[in-house]
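Visitor:
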Amino acid sequence: MKRITVRKDSYYDSVFLMLATRELKKMQGVLEAVVAMATPMNVDLLGDMGFDKSELAALTPNDLVVAIDANDEKILDASLTEAFAALKRKAATSDEAGLVRTGSLSAALKIDPKAMLAIISVPGAYAAREARKALEAGLHVMLFSDNVSLDDEIALKKLAVSKGLLMMGPDCGTAIINGKPLCFANVVRRGPVGVVAASGTGLQEVTSLLDHYGTGITQAIGTGGRDLKNAAVGGRTSLLAIEALATDPATKVIVVVSKPPAPEVAAKVVAALKASGKPAVAHFLGLPPGKDEPLLAYASDLEETALLAARFAEGDTNSFDARANLADDSGNDRYNRPAPAQIRTIADHEARRLGPGQKYLRGLYTGGTLTDESLFIAHRELGGVFSNNQTDPAWVPADPRVSTGHTIVDLGDDTFTAGKPHPMIDPAARAERIAQEGADPETAVILLDVVLGHGSHADPAGACVESVRKARALAESRGGYLPVIASVTGTYADPQGYAAQVATLEAEGVVVMPSNVRAAILAIEIAKRAQGGRA
Amino acid sequence: MNSLVGYLIPPYPWSGIVVGVSDKAVSILHPDTALVSIVREPAFMEARALMPKIGWQDFARSADRALEAPAPGGTTASWDGTFLALRSGAALCFSESLSWNPKLSLAQAAARLASSAVSSAESASALIGATILQAHADGRPALGIYGDGPFASGFRRLAGYTSFPANLVGFGTGLTPAGDDWLAGFLVAADLVSGGPGIATDYIRRSIRASLDRTTAAGRSLLLGALDGSPPAYLVELAVKTADLAVPGEEPLGHDAKEHLRMSVTAALKHGATSGEDALLGFIAGLHTGVPLAFNRSLNTFTSVVEVL
Numbered sequence: 002m003k004r005i006t007v008r009k010d011s012y013y014d015s016v017f018l019m020l021a022t023r024e025l026k027k028m029q030g031v032l033e034a035v036v037a038m039a040t041p042m043n044v045d046l047l048g049d050m051g052f053d054k055s056e057l058a059a060l061t062p063n064d065l066v067v068a069i070d071a072n073d074e075k076i077l078d079a080s081l082t083e084a085f086a087a088l089k090r091k092a093a094t095s096d097e098a099g100l101v102r103t104g105s106l107s108a109a110l111k112i113d114p115k116a117m118l119a120i121i122s123v124p125g126a127y128a129a130r131e132a133r134k135a136l137e138a139g140l141h142v143m144l145f146s147d148n149v150s151l152d153d154e155i156a157l158k159k160l161a162v163s164k165g166l167l168m169m170g171p172d173c174g175t176a177i178i179n180g181k182p183l184c185f186a187n188v189v190r191r192g193p194v195g196v197v198a199a200s201g202t203g204l205q206e207v208t209s210l211l212d213h214y215g216t217g218i219t220q221a222i223g224t225g226g227r228d229l230k231n232a233a234v235g236g237r238t239s240l241l242a243i244e245a246l247a248t249d250p251a252t253k254v255i256v257v258v259s260k261p262p263a264p265e266v267a268a269k270v271v272a273a274l275k276a277s278g279k280p281a282v283a284h285f286l287g288l289p290p291g292k293d294e295p296l297l298a299y300a301s302d303l304e305e306t307a308l309l310a311a312r313f314a315e316g317d318t319n320s321f322d323a324r325a326n327l328a329d330d331s332g333n334d335r336y337n338r339p340a341p342a343q344i345r346t347i348a349d350h351e352a353r354r355l356g357p358g359q360k361y362l363r364g365l366y367t368g369g370t371l372t373d374e375s376l377f378i379a380h381r382e383l384g385g386v387f388s389n390n391q392t393d394p395a396w397v398p399a400d401p402r403v404s405t406g407h408t409i410v411d412l413g414d415d416t417f418t419a420g421k422p423h424p425m426i427d428p429a430a431r432a433e434r435i436a437q438e439g440a441d442p443e444t445a446v447i448l449l450d451v452v453l454g455h456g457s458h459a460d461p462a463g464a465c466v467e468s469v470r471k472a473r474a475l476a477e478s479r480g481g482y483l484p485v486i487a488s489v490t491g492t493y494a495d496p497q498g499y500a501a502q503v504a505t506l507e508a509e510g511v512v513v514m515p516s517n518v519r520a521a522i523l524a525i526e527i528a529k530r531a532q533g534g535r536a
Numbered sequence: 167m168n169s170l171v172g173y174l175i176p177p178y179p180w181s182g183i184v185v186g187v188s189d190k191a192v193s194i195l196h197p198d199t200a201l202v203s204i205v206r207e208p209a210f211m212e213a214r215a216l217m218p219k220i221g222w223q224d225f226a227r228s229a230d231r232a233l234e235a236p237a238p239g240g241t242t243a244s245w246d247g248t249f250l251a252l253r254s255g256a257a258l259c260f261s262e263s264l265s266w267n268p269k270l271s272l273a274q275a276a277a278r279l280a281s282s283a284v285s286s287a288e289s290a291s292a293l294i295g296a297t298i299l300q301a302h303a304d305g306r307p308a309l310g311i312y313g314d315g316p317f318a319s320g321f322r323r324l325a326g327y328t329s330f331p332a333n334l335v336g337f338g339t340g341l342t343p344a345g346d347d348w349l350a351g352f353l354v355a356a357d358l359v360s361g362g363p364g365i366a367t368d369y370i371r372r373s374i375r376a377s378l379d380r381t382t383a384a385g386r387s388l389l390l391g392a393l394d395g396s397p398p399a400y401l402v403e404l405a406v407k408t409a410d411l412a413v414p415g416e417e418p419l420g421h422d423a424k425e426h427l428r429m430s431v432t433a434a435l436k437h438g439a440t441s442g443e444d445a446l447l448g449f450i451a452g453l454h455t456g457v458p459l460a461f462n463r464s465l466n467t468f469t470s471v472v473e474v475l
C-alpha cells in the first residue's frame with residue numbers, strides 16, 4: 002500500500018532528510034520510505050517504484066515528497082504522522098551517527114529538555130555569553146573555549162555556584178561525566194574514584210592508569226587551568242566538585258590533580274577534601290608533597306596519585322596502609338612498575354651505543370601537564386632544562402622551535418599551535434620535530450608522550466614512527482645511536498587501542514614505559530649517562 | 167581573517183528569500199533560482215557563498231527567528247555589494263572582503279599532477295576508496311549513492327545509459343541531490359587530470375548545464391560552481407591534496423602526503439549527510455576521466471568501484 006505526501010517549496014537540511022528516511026524505515030510494517038526532493042529524476046524513480054505518477058506530475062524540484070509503502074492504512078497514517086512530526090523539528094539536523102544538531106542552545110533544549118550539560122566551544126569573545134545562557138537554563142557547563150577574561154570566568158563561576166551547577170572551564174578540554182568521555186578523554190571503566198582536575202592530560206593520565214590498575218571512576222571533572230591557580234577565581238569549581246563527589250554515594254575516593262595552585266586556594270581544597278570524610282589523594286604538580294594524613298595522601302607524581310587512589314579503592318582505609326602496600330617497587334607487583342634497578346639496567350643498555358657528541362635530553366610533548374611533570378623532574382635531576390613551559394625566564398629558550406642543551410617542549414603551547422591543529426589532533430608537527438632532533442648530533446635521547454582517547458589523532462603512534470625511524474638512521478649514520486622513550490596515556494578500550502599503539506612503537510624500537518613519570522626517569526637516566534661520558 | 171565573497175555571487179543589487187538556516191549556512195533563494203549561501207567558516211565556502219568576518223551567529227539567529235514567523239512573501243535578504251540585510255534589520259558587512267576563487271589553486275594542483283598524472287591519480291583513487299571502505303568498516307552507514315535502497319539501484323541503472331553521468335542531475339536523496347554531489351566531485355577530478363579547472367569533459371558539462379532546471383536550488387548552486395571549475399572548499403582541498411601525491415619528497419620528514427589526503431577524505435565524509443561520500447565517489451570516477459575519449463575506460467574503473475563498495 003503506497004502513499005505520497007508533498008510539502009510544497011520546502012527546505013530541509015540533507016542530514017535531516019536522511020534521518021527522517023531512516024526513522025521511517027525502522028517502523029514496523031513500513032516496506033519502503035523515501036523522503037526526497039521532487040526532481041524529475043526522483044519522480045521517475047518513484048514512478049518506477051509503483052507510486053502513482055499522476056500525483057507526482059505537477060511537482061517541482063523544490064517540493065519535498067514523502068513516499069511510503071506500508072502494510073496497511075494504519076501504518077501509513079502512523080508513519081506519515083511520524084514523518085511530519087519530525088519535519089516540525091525544522092532546525093534540527095543529525096549526522097550519520099544519529100547525533101542531533103541545532104543552530105542554538107534554546108533549539109537544542111527544545112529537542113531534549115532533559116539535557117543537563119552543555120559543552121561550549123565557540124570563539125572566546127562569545128563564549129562567556131553562551132556559557133551564561135546555559136547556566137541560566139540550569140545546565141552544567143563544560144567551556145572548551147579559551148580567551149575568556151578573568152572577570153567573565155569569576156562571574157560565571159559565581160553564577161554556577163549559586164545555582165549548584167558545575168562550571169568546567171574556560172579552557173577545559175577533558176572530562177568524563179556519567180561514563181561519557183567529553184572532548185579529549187579516554188574510555189575509562191566505571192569505578193569508585195572521583196577525580197577533580199585542573200589539568201587536561203593530568204586527568205587523562207590518572208584516569209587511564211586507574212583503568213590499568215583494574216579500578217575506575219565515577220566522574221572526572223575538569224575545572225579549567227585558572228580555577229586553582231588564580232586566587233581570585235578561588236577554586237570555586239573545584240570546591241563545588243569536591244562537595245558533589247563527597248555527597249555521591251558511588252564515589253568512595255576523591256582525587257584532586259592540579260598544576261601549582263595559589264597557596265590560599267590549595268588550603269581551601271585541602272580543607273574541603275578533609276571535610277568530605279572520604280579517603281582522598283591530592284597532587285599539586287611541581288610542589289613538594291605535603292605530609293600524609295590518615296584520609297589524605299599527598300602524591301608526588303601522576304602515577305603515584307593513581308596508585309594511592311587505587312589502593313584506597315581496593316579497601317585500604319588510610320593513607321599509611323595505602324603507601325605501605327605500594328612500597329614493594331620491585332617491578333614484580335601487579336601495578337606493572339619497572340623498578341628503579343630495572344630502569345637503570347634499561348638506561349645502561351640504551352646508553353651503551355651513544356656517540357661521543359650525544360649529550361642532551363629532548364622531550365617532545367603534546368600534553369601540557371605531561372610536559373610539566375617531566376620538566377620538573379628533569380630540571381631537578383639534570384641541573385637545568387630549557388622549556389617553553391618554564392616559569393624561570395632564564396630557562397625559557399629564545400626560540401622554542403630550536404632545542405638548546407636539555408630541552409622539553411610543550412608542542413601544544415600557543416607558540417606552536419597558532420593557526421594549526423593541536424598536536425594531539427594532528428601529530429605532524431611533532432613528527433617534524435623528531436626529525437629535527439634526530440638531525441642534531443647532540444641529541445642523546447628523545448622522550449615522547451602518546452595521548453590516546455576521544456579527540457586525539459586516530460593513530461598517534463603510527464604518525465611518529467616514520468620520523469623516529471629516520472631520526473635513528475641519521476644517528477646511526479653518524480656512528481651513534483638514538484634511544485627513544487615514550488609513554489602511552491590511554492586505555493585498552495580507547496578508539497586507538499592501548500595495546501596496538503604500544504606495539505606500533507615497540508616495533509620501531511621505542512622503549513615504552515607504563516607511565517609518563519617512569520618514561521621521564523628512564524630518559525633522564527640515559528641523559529645522565531650521556532653526560533657522564535659512559536657512552 | 168577577512169570576509170569572503172564567492173566570485174559567482176550574482177552582481178548587486180538583488181533581493182532573495184531566506185529559505186533555510188543550518189549550523190553551517192543561511193540559505194537564500196536568489197531570483198535566478200539557485201541558492202546563495204551565507205556560510206559560517208572558510209571550510210564551507212563555495213563560489214556562490216558569502217562568509218562574514220563577524221556576526222554570522224547573530225545573523226543566523228535572526229534569520230531563524232524570521233523563518234519561524236515568516237512575513238507574507240517570505241523573509242527577504244538584500245545584497246548591495248557591501249551589506250547583506252534582512253528585512254528584520256539584521257545585517258552583515260562585507261566592506262573589507264576578499265574574493266573567493268579557488269581556480270588558481272586548482273590550476274596549480276593540475277600542473278603538479280600533470281608530471282605524473284596516471285600514477286598519482288590512480289594511487290589517490292585507491293587511497294580514497296580504501297578510506298571510504300574503512301569508514302564503512304568502522305560503522306559509517308552505507309547510505310550514499312552507492313549504498314542500499316531504491317536510489318542505489320536507480321544509480322546503477324543510470325550508470326548504464328549513454329547519457330551518464332549528466333543524467334545524474336537532480337537524482338537522489340538530499341536537498342542537494344546525491345547525483346549533483348557526485349557530479350561536483352566528478353568534475354573537479356576530471357579537471358584536475360585534464361590540466362585545469364573548468365576545461366574537462368566539455369560535452370558532459372554542456373549536458374549538465376542544459377539539465378540545471380531538473381534539480382533543486384541547492385543543487386543548481388553547487389553545479390554552477392562546479393561547471394565553472396570552482397567546487398566547494400572541501401573538494402578544492404581534496405584536489406590539492408591529491409595533486410600533492412605527485413611531488414613526493416617535498417614534504418617535511420614524517421609529513422606524509424598520503425596522510426594529508428586521507429585526512430581530506432575523512433573531512434569530506436563529514437560533509438552533509440551523504441554529500442561528501444557521494445562527491446568522493448564522483449571524484450574517484452573523475453580521476454580516471456582525463457579526456458572525453460577516455461570515458462569508457464573510466465566507466466570500467468568506476469564500475470569496479472561500485473562493486474567494491
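If you read the sequences in order, they're chains H and W.
Under the numbering used here, the residues of the first sequence are numbered 2 to 536, in order.
Under the numbering used here, the residues of the second sequence are numbered 167 to 475, in order.
Don't be surprised by glycine CBs; every beta carbon is placed ideally from N, CA and C.
Using a Cβ-Cβ cut-off of less than 8 Å, give me the residues of the stretch 24-45 of chain H that come near chain W, in sequence order.
Guide: Residues passing the 8 Å Cβ filter: Glu33, Val35, Val36, Ala37, Met38, Thr40, Pro41, Met42 and Asn43.
Visitor: In chain H, which residues lie less than 8 Å from phenylalanine 337 of chain W when you measure between Cβ atoms?
Guide: For the purposes of this step, residue 337 of chain W is identified with residue 171 of the second sequence, where counting begins at 1. The answer, in chain order, is Thr40, Met42, Asn43 and Leu46.
Visitor: How big is the Cα-Cα spacing for proline 418 of chain W and alanine 429 of chain H?
Guide: Walking along the second sequence from the start, residue 418 of chain W turns up at place 252. Walking along the first sequence from the start, residue 429 of chain H turns up at place 428. Caution applies to proline 418 of chain W, whose pLDDT of 42 falls short of 50 and renders its modelled position unreliable; the model cannot decide the point.
Visitor: Please go through the same chain and pick out, in chain order, the residues whose beta-carbon is closer than 8 Å to the beta-carbon of lysine 253 of chain H, but skip the five residues on each side of it.
Guide: Locating residue 253 of chain H in the first sequence gives position 252, counting from the first residue. The answer, listed in chain order, is Pro193, Val194, Lys279, Pro280, Phe313 and Ala314.
Visitor: Interface residues of chain W around asparagine 63 of chain H at Cβ under 7 Å?
Guide: Locating residue 63 of chain H in the first sequence gives position 62, where the first residue counts as 1. Chain W residues near asparagine 63 of chain H: Thr382 and Ala383.
Visitor: Please tell me whether asparagine 389 of chain H and threonine 416 of chain H are closer than 8 Å, where the distance is taken between their beta carbons.
Guide: Here residue 389 of chain H refers to the residue found at position 388 when the first sequence is read from its first residue. Here residue 416 of chain H refers to the residue found at position 415 when the first sequence is read from its first residue. In contact: asparagine 389 of chain H and threonine 416 of chain H (Cβ atoms closer than 8 Å).
Visitor: Do the CB positions of glycine 586 of chain H and alanine 68 of chain H come within less than 8 Å of each other?
Guide: A question about residue 586 of chain H goes unanswered here, because the residues of chain H that appear run from 2 up to 536.
Visitor: Would you kindly work out how many angstroms separate the C-alpha atoms of valine 472 of chain W and histidine 437 of chain W, rounded to a whole number?
Guide: Taking the first residue of the second sequence as position 1, residue 472 of chain W is located at position 306. Taking the first residue of the second sequence as position 1, residue 437 of chain W is located at position 271. Confidence at valine 472 of chain W is low in this model, with a pLDDT of 36, below 50, so its placement is unreliable and the value that follows should be read with caution. Each residue's alpha carbon lies about 21 Å from the other.
Visitor: Give the DSSP-derived three-state secondary structure of threonine 469 of chain W in the structure shown.
Guide: Within the second sequence, the letter at position 303 stands for residue 469 of chain W. Here threonine 469 of chain W scores only 39 on pLDDT, less than 50, and its place in the model is too uncertain to base an answer on.
Visitor: Which same chain residues end up closer than 7 Å to arginine 345 of chain H when comparing Cβ atoms and leaving out the 5 residues on each side of it in sequence?
Guide: Residue mapping note: residue 345 of chain H aligns to position 344 of the first sequence, counting from 1. Excluding residues within five positions, the ones whose Cβ falls inside 7 Å are Glu526.
Visitor: For the candidate residues H:Gln497, H:Ser468 and H:Tyr13, whose alpha-carbon lies nearest to that of aspartate 422 of chain W?
Guide: Working through the second sequence from its first residue, we reach residue 422 of chain W at position 256. Closest option to aspartate 422 of chain W, Cα to Cα, is H:Ser468.
Visitor: Check the Cβ-Cβ distances between aspartate 495 of chain H and every residue of chain W, and say whether any is below 8 Å.
Guide: Taking the first sequence and counting its residues from 1, the one referred to as residue 495 of chain H is at position 494. Chain W, which has no Cβ nearer than 8 Å to the Cβ of aspartate 495 of chain H, makes this no.
Visitor: So which residues of chain H does glycine 440 of chain W contact, with C-beta pairs closer than 7 Å?
Guide: Taking the second sequence and counting its residues from 1, one reaches residue 440 of chain W at position 274. For clarity, residue 440 of chain W is threonine in the given sequence; the question names glycine instead. Neighbours of threonine 440 of chain W on chain H, chain order: Met19.
Visitor: Kindly identify the DSSP beta-bridge partner or partners of phenylalanine 285 of chain H.
Guide: The residue labelled residue 285 of chain H in the question sits at position 284 within the first sequence. DSSP lists H:Ser259 as partners of phenylalanine 285 of chain H.
Visitor: For methionine 50 of chain H, return the contacting residues in chain W, with the cut-off set at a CB-CB distance below 7 Å.
Guide: One-based indexing of the first sequence puts residue 50 of chain H at position 49. Correct list: Pro316.
Visitor: Cβ closer than 8 Å: which chain C residues qualify as neighbours of leucine 279 of chain W?
Guide: The structure shown contains no chain C; its protein chains are H and W.
Visitor: Taking 8 Å as the CB-CB cut-off, is threonine 22 of chain H touching chain W?
Guide: Translated into the one-based positions of the first sequence, residue 22 of chain H becomes position 21. It does: the Cβ of threonine 22 of chain H has a partner Cβ on chain W nearer than 8 Å.
Visitor: Going along chain W, which residues have a C-beta under 9 Å from tyrosine 127 of chain H?
Guide: As a first step, residue 127 of chain H must be located in the first sequence, where it is residue number 126. The answer, in chain order, is Gln223.
Visitor: Would DSSP call serine 122 of chain H helix, strand or coil?
Guide: Within the first sequence, numbered from 1, the residue matching residue 122 of chain H stands at position 121. Coil at serine 122 of chain H, not helix or strand.
Visitor: Looking only at its chain, what residues have a beta carbon closer than 7 Å to the beta carbon of proline 182 of chain H, apart from the 5 residues adjacent to it on each side?
Guide: As a first step, residue 182 of chain H is located in the first sequence; it is residue number 181 there, counting from the start. Cβ within range, chain order: Val188, Gly454 and His455.
Visitor: How close, in whole Å, do the beta carbons of alanine 128 of chain H and leucine 144 of chain H come, if the pair is a contact with beta carbons under 8 Å?
Guide: Walking along the first sequence from the start, residue 128 of chain H turns up at place 127. Walking along the first sequence from the start, residue 144 of chain H turns up at place 143. That pair is a contact at about 6 Å.
Visitor: Kindly confirm or deny that the stretch 213-224 of chain H and the stretch 478-489 of chain H touch, where touching means at least three C-beta pairs closer than 8 Å.
Guide: Short answer: they don't touch.
Visitor: Assign isoleucine 112 of chain H to buried or exposed, taking buried as 16 or more other Cβ atoms, counted over all protein chains shown, within 10 Å of its Cβ.
Guide: Residue numbering aside, residue 112 of chain H sits at position 111 when the first sequence is read from its first letter. Isoleucine 112 of chain H comes out exposed.
Visitor: DSSP three-state call for leucine 32 of chain H: helix, strand or coil?
Guide: Counting from 1 along the first sequence, the entry for residue 32 of chain H is found at position 31. It is a strand residue.
Visitor: Measuring only between beta-carbons, confirm whether valine 185 of chain W sits less than 8 Å from chain H.
Guide: Within the second sequence, residue 185 of chain W is the residue found at index 19, counting from 1. For valine 185 of chain W, the answer is yes, since a Cβ of chain H falls inside 8 Å of its Cβ.
Visitor: With 16 other CB atoms within 10 Å as the buried threshold, where does histidine 350 of chain H fall?
Guide: Residue mapping note: residue 350 of chain H aligns to position 349 of the first sequence, counting from 1. Exposed, because fewer than 16 other Cβ atoms sit within 10 Å of the Cβ of histidine 350 of chain H.
Visitor: Using DSSP's beta-bridge definition, name the partner residues of histidine 213 of chain H.
Guide: Along the first sequence, one-based indexing puts residue 213 of chain H at 212. DSSP lists no partner for histidine 213 of chain H.
Visitor: Run through chain H and tell me which residues come within less than 7 Å of leucine 297 of chain W, C-beta to C-beta.
Guide: Residue 297 of chain W sits at position 131 when you count from the first residue of the second sequence. The question names leucine, but residue 297 of chain W is threonine in the sequence shown. Under the 7 Å cutoff, chain H gives no residues; its nearest Cβ is about 11 Å from threonine 297 of chain W.
Visitor: How about asparagine 517 of chain H and threonine 492 of chain H: do their beta carbons lie closer than 8 Å?
Guide: Within the first sequence, residue 517 of chain H is the residue found at index 516, counting from 1. Within the first sequence, residue 492 of chain H is the residue found at index 491, counting from 1. In this structure, threonine 492 of chain H does not lie closer than 8 Å to asparagine 517 of chain H by Cβ.
Visitor: Starting from tryptophan 348 of chain W, trace the alpha helix (DSSP H) in both directions and tell me its first and last residue.
Guide: The sequence position of residue 348 of chain W within the second sequence is 182, counting from 1. First-last of the alpha helix (DSSP H) with tryptophan 348 of chain W: 344-360.
Visitor: From isoleucine 183 of chain W to glutamate 262 of chain W, what does the alpha carbon distance come to, in whole angstroms?
Guide: Within the second sequence, residue 183 of chain W is the residue found at index 17, counting from 1. Within the second sequence, residue 262 of chain W is the residue found at index 96, counting from 1. Answer to the nearest angstrom: the Cα atoms are 25 Å apart.
Visitor: What residues in its chain sit with their C-beta under 6 Å from that of serine 286 of chain W, if we drop five residues either side in the sequence?
Guide: For this step, residue 286 of chain W is matched to residue 120 along the second sequence. Contacts found: Leu279, Leu411 and Ala412.
Visitor: Would you say glycine 340 of chain W reaches chain H, if we count a Cβ-Cβ gap shorter than 8 Å as a contact?
Guide: In the second sequence, counting from the first residue as 1, residue 340 of chain W sits at position 174. So yes, glycine 340 of chain W belongs to the interface.
Visitor: Within its chain, find whatever has a CB closer than 6 Å to the CB of glycine 452 of chain W; leave out the 5 residues flanking it on each side and keep chain order.
Guide: As a working note, residue 452 of chain W is residue 286 in the second sequence. So the list reads Phe352, Ala355 and Ala356, once near-sequence residues are dropped.
Visitor: With burial defined as no fewer than 16 other Cβ atoms inside 10 Å of the residue's Cβ, what is the status of leucine 65 of chain H: buried or exposed?
Guide: As a position in the first sequence, residue 65 of chain H is number 64, starting the count at 1. Buried, by the Cβ-count rule.
Visitor: Would you check if there are 3 or more beta carbon pairs closer than 8 Å linking the stretch 333-340 of chain W to the stretch 251-260 of chain W?
Guide: Judged by Cβ distances under 8 Å, the stretch 333-340 of chain W makes no contact with the stretch 251-260 of chain W, as fewer than three pairs qualify.
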